[in-house]
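Here it is, written out as structure tokens:
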């Protein structure tokens, strides 16, 4: 569920909005006062814009603005249609207290004189009627002279409460001199003037000064984009009954663009089947296309628009590709400039960066591209195909070769690069299908139809791929033997891909077997289409497919073995795309097993591959980041683990990776003091976890967390249902004596690692219940030969718990056990098992330092870290009944009490809360009286004793 602050509320359009009336400008006068009479001012430009119906309140953005106005400048910067004006108007209406924000809408062609007439009127209106603030500020009606600016700055600085000034469409001011006076006021009003501006491009202000000082709040398209929850609320407000499963698709289809979502809501409301209509909602629809052309493309210079249109031949481009496709040496710089503005041209974080257009704009640009003459469009595709082929991107090269009618090139790409044409990404961006090759070309070269089938399979269009495959087979019957054998290998590889797309694991295994059985035919060396494919290619492709199936089924040991073999084969064959898939999954499986050094090495090797750039392999990169998250978590580096886990997003949608991600996420949440959220993450993951081992590990962590929060009974019940405790003391003793490992049936079908995780969890629950004898009976044999196959974290936990249980009766033996545990943990750098273990572990480690250890630096560091964490923990609450106040503090007094902990003066507290100093002093006196204190430090101490702060 989303946080309360992130929920979107639907309200009626406000009607109690005070708008400015006609104002007669004058020096230092109020509305209608004496002064030089100028042109009348429009009330609509001095009041917040009307909110579109239905009105949506977006609390997370309103809170962002509330926090931003604590500083001098807040800038909402985004292109057209991103909801800047709507957000500012909603915020201005929602601001509580006096005075309300002043508002000025800037219009095209405003001169400095005209702009200052409106600024003067707005400042006067904001100051009018505020009690205790004295006369209105002497705001000049035209561009102010230096002496006038100083008078105005002094008047604003003397005010008790800051003046909030909203400037909408500030990008329309093109003359920096028009805003020079505003900059002066922001620097010299002692924080009493705070500007909130909305603009499409950087306004002519010295933003770098506030940015460098940390006083600039910037809200851009990334924050203005609607989240899936907000999309759902918008659709409800518009009365669109869209199923929940289709909401993320609409959010992705529109890129969260607010204007696009409103267009979509209006369009879907008229559809009988809104869910199916989502996929048909594109940027070339009349309303959307008209808005994009008028508001986004029209302001661009012709060269930039041409670069955008021609670059749209590819889903994403880097500078070199853009230069090659457009024939312009500055195309990359044009895209970089457009991406800097954000919103409609996005860049990834790679180096060199890749760029792509917002989805609806990309639709429109492709529509314009299709209107080019056929020979010109074909040339763009041929240029793209050549670039991709020369940069190890055969799948994209194949698509453009087919689109450009380069039949021979397409066939050669299939034959030479077929292992790299297998799709491994889920939900690839939809791309237009290239035309099917003509019948005459297919009769002459059946491999051409196979190329078309491979391209469609890579795009995820299984139906079209199967049709092209049947077409190829029909024309391949009369091929000579060597070429026929090679054709069969290529056809089986496509069959394997189609089985993977269908999710048919049985057929994947059968097709992989057929592929492995294909021989390497001999043929003339001067005919590349009759040559034999390397055996390494076959092993790499088949092994990768089998590894993916095993991982999807939760069979981690089998998956690890398959990926290791396929990775070695891919490297022998020189197939970087297949290498990326195998290396990223191998990294995750290594991390899950506890081979942290190998996991880190594989993950970083995967992320360094060229395929991991430009949005082309987000899923594979996600697996690598998830591996790094698990490594960081086991090494007790929570900040690094959280950062990597965020980047792992695409991978966490797949069942096996989702279960491992849940283990990491739950640990981070629990360590951060959010056990309820951690439990929810584990429960949800356990419902969909594939395989017995992952389910057992999730259940073990959930049980231990339940016991940690005091719910021991539900922890016991969960473990009993999962099959923990099947190994009794007699069996455990026998296994230790014979070295055969725990005997008996595998509880719940869990393998050795899963069963051991459950038994360790049961031992911990029993120890927490105060029954160390029963804890020892449940503890599995972590020193036996079978334990080598357990995940390292499980084995270390069992060993550490064994040392804790032994310490009470035999300290020397406990030290020997602890040394064994350290011997296992040290090579991989595992620390979490020590830092998150039972309370007695710290004392056990400290005693081990005195008795001598081969791991003195590590143990010393662990003890020091435990002491630092203990020092940071709040003191235990004193026993006995809690004290209460005879007269409770008000909400405002509690707020000020929290500020009293800081070093802020009463004047600064008043400024932070937009109150007068006298009001703050009154609240402080009341706080002292109610807490029976005479000074600030004493009041804070007593408040802490009463747990008020």
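Numbering (this note's numbering), first residue to last: 56 to 1004. Where is the CB? At the ideal position from N, CA and C, for every residue including glycine. Predicted, not measured: the structure shown is a model, and the values here were computed from it.
Residue pairing of residue 274 in beta bridges, as defined by DSSP: 131. Uninterrupted beta strand (DSSP E) stretches at least 3 residues long and entirely within the stretch 393–421 occur at 400–402 and 409–412, given in chain order. Boundaries for residue 849: no beta strand (DSSP E) harbours it, while the alpha helix (DSSP H) harbouring it runs 847–862, taken from the DSSP string. Between the stretch 700–715 and the stretch 677–684, the count of Cβ pairs shorter than 8 Å is three or higher; the stretches touch.
One thing to note: residue 752 has its Cβ within 9 Å of the Cβ of residue 846. About 4 Å separates the beta carbon of residue 464 from that of residue 456, a gap short enough to meet the 8 Å contact definition.
Per DSSP, the continuous alpha helix (DSSP H) segment holding residue 140 begins and ends at 139–149.
The continuous stretches of beta strand (DSSP E) do not include residue 836, and DSSP gives it neither H nor E. Pairing residue 820 with residue 770 gives a Cβ-Cβ distance under 9 Å. In terms of Cα proximity to residue 494, the closest of 418, 341 and 526 is 526. Between residue 642 and residue 595, the C-beta spacing is not below 9 Å. For the pair residue 315 and residue 374, the Cα-to-Cα distance works out to about 28 Å. By DSSP's assignment, residue 252 forms a beta bridge with 130 and 222. Membership of residue 625 in the alpha helix (DSSP H) is indicated by the continuous run 611–628.
Distance from residue 860 to residue 830 at the Cβ level is roughly 6 Å; contact confirmed, criterion being Cβ atoms closer than 8 Å.
One thing to note: residue 760 has its Cβ within 9 Å of the Cβ of residue 725. Less than 9 Å separates the beta-carbon of residue 689 from that of residue 646. DSSP, read as helix, strand or coil, puts residue 534 in coil. Scanning its chain for C-beta atoms nearer than 7 Å, with the 5 sequence neighbours on each side dropped, one finds around residue 423 the residues 364, in chain order. For residue 262, DSSP assigns no beta-bridge partner whatsoever. Judged by pairs of C-beta atoms under 8 Å, the stretch 214–233 touches the stretch 247–257, as three or more such pairs exist. Put simply, the backbone Cα of residue 608 is about 11 Å away from that of residue 712. For residue 319, the enclosing alpha helix (DSSP H) begins and ends at 313–324. Comparing C-alpha distances from residue 329 to each of 910, 355, 440 and 290 shows the shortest one belongs to 290.
The residue among 814, 343 and 421 with its C-alpha nearest the C-alpha of residue 368 is 421. Assigned with DSSP and collapsed to three states, residue 977 falls in helix.
The stretch 533–544 and the stretch 512–520 do not touch, with fewer than three beta-carbon pairs separated by less than 8 Å. When beta bridges are read from the DSSP output, residue 372 appears opposite 410. In this structure, the CA atom of residue 615 is about 16 Å from the CA atom of residue 807. Collapsing the DSSP output to three states places residue 571 in a helix.
Burial state of residue 381 is buried, judged by a 10 Å Cβ sphere holding 16 or more other Cβ atoms. Following the DSSP letters along the chain, one finds residue 97 in no beta strand (DSSP E), marked with neither H nor E. Residue 111 sits in a strand when the DSSP states are folded into three classes.
Taken through DSSP and simplified to helix, strand or coil, residue 160 comes out as strand. Sequence-distant Cβ neighbours of residue 104 in its own chain, meaning closer than 6 Å and more than five residues away, are 140 and 144.
For residue 719, the enclosing alpha helix (DSSP H) covers residues 710–726.
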